[in-house]
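Asker: For reference, the structure I am asking about is given below.
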Amino acid sequence: MSKEILPESREIIKYGEVGEGERKKNDLFLIALVLLVGFLGFGLGRYTKIEEGREQVTITYPDAVNTPTNSPIAAKVTGNEDIAATASAASPGPIVASRNGTKYYYTWCSGASRITAKNRVYFATAALAEARGLTKASNCPGL
């Protein structure tokens, strides 16, 4: 009996180095897997926290320019011609200028927000604003 056990244990000891190499590979794989799962969990947790802090962006476009024709604002051109730039407080055009100013802006530009409501003049197109003698604002992107 002891003779049979002894040769088997010799083979286990003899080939034990190969078994240890495989075990080391398995241990390294397990460590790498645990680290990967840990970093992945940390990254996902951080990502969800960042997403919670952000505000949703909503884009609102101004109403279509269907202004009534009974409210024209006469614009003087150098040749004493009147051009009707229709405007309405209910549905303003995308271009706004100050009644006393020399520049025109889109309604979403920062310069337009500095114009008081009573001094605002709306235009349907940039051409109508230029016909009044206004020039593009340099700080308004898209003009």
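For the sequence shown, our numbering gives the first residue as 41, with consecutive numbering after it. In this text, a Cβ means the ideal position worked out from N, Cα and C, and glycines have one as well.
Within the same chain, show all residues whose beta-carbon is closer than 6 Å to that of CYS149, passing over the 5 residues directly before and after it, in chain order.
Answerer: Locating residue 149 in the sequence shown gives position 109, where the first residue counts as 1. Here the set comprises CYS180.
Asker: With C-beta atoms as the reference, is LYS143 less than 7 Å away from THR175?
Answerer: Counted from its first residue, the sequence shown places residue 143 at position 103. Counted from its first residue, the sequence shown places residue 175 at position 135. Contact flag set, yes.
Asker: In terms of residue numbering, what span does the beta strand (DSSP E) encompassing ALA171 cover?
Answerer: By one-based count along the sequence shown, residue 171 stands at place 131. First-last for ALA171: 166–171, but that is the alpha helix (DSSP H), not the beta strand (DSSP E).
Asker: Please work out which residues of its chain come closer than 7 Å, Cβ to Cβ, to ARG139, disregarding the five sequence neighbours upstream and downstream, and give them in chain order.
Answerer: Within the sequence shown, the letter at position 99 stands for residue 139. Correct list, in chain order: ASN159, VAL161.
Asker: Starting from ALA137, trace the beta strand (DSSP E) both ways and give me its first and last residue.
Answerer: Residue 137 sits at position 97 when you count from the first residue of the sequence shown. Per DSSP, ALA137 belongs to the beta strand (DSSP E) from 135–138.
Asker: Is the Cβ-Cβ distance between GLY151 and ALA169 less than 7 Å?
Answerer: Taking the first residue of the sequence shown as position 1, residue 151 is located at position 111. Taking the first residue of the sequence shown as position 1, residue 169 is located at position 129. Against a cut-off of 7 Å, the Cβ pair of ALA169 and GLY151 comes out as no contact.
Asker: Report the partner residues of PHE163 according to the DSSP bridge assignment.
Answerer: Within the sequence shown, numbered from 1, the residue matching residue 163 stands at position 123. PHE163 is bridged to ILE135.
Asker: Looking at THR165: is its Cβ nearer than 7 Å to the Cβ of PRO102?
Answerer: Walking along the sequence shown from the start, residue 165 turns up at place 125. Walking along the sequence shown from the start, residue 102 turns up at place 62. Not a contact, by the Cβ cut-off of 7 Å.
Asker: How would you call PHE82, buried or exposed, if buried means at least 16 neighbouring beta carbons within 10 angstroms?
Answerer: The residue labelled residue 82 in the question sits at position 42 within the sequence shown. Looking at its Cβ environment, which holds fewer than 16 other Cβ atoms inside 10 Å, PHE82 is exposed.
Asker: Quick one: Cα of PHE79 to Cα of GLU91, how far?
Answerer: Here the question's residue 79 lines up with position 39 in the sequence shown. Here the question's residue 91 lines up with position 51 in the sequence shown. C-alpha separation (whole angstroms): 18 Å.
Asker: Indicate the three-state DSSP secondary structure (helix, strand or coil) for SER178 in the structure shown.
Answerer: Taking the sequence shown and counting its residues from 1, the one referred to as residue 178 is at position 138. Looking at SER178 - three-state DSSP - the assignment turns out to be coil, as it is neither helix nor strand.
Asker: Is any heavy atom of the ligand MG found at a distance shorter than 6 Å from the C-beta of PHE79?
Answerer: The model on display carries no ligand, and the ligand MG is accordingly not part of it.
Asker: Along the chain, where does the beta strand (DSSP E) containing TYR144 start, and where does it finish?
Answerer: Residue mapping note: residue 144 aligns to position 104 of the sequence shown, counting from 1. Per DSSP, TYR144 belongs to the beta strand (DSSP E) from 143–146.
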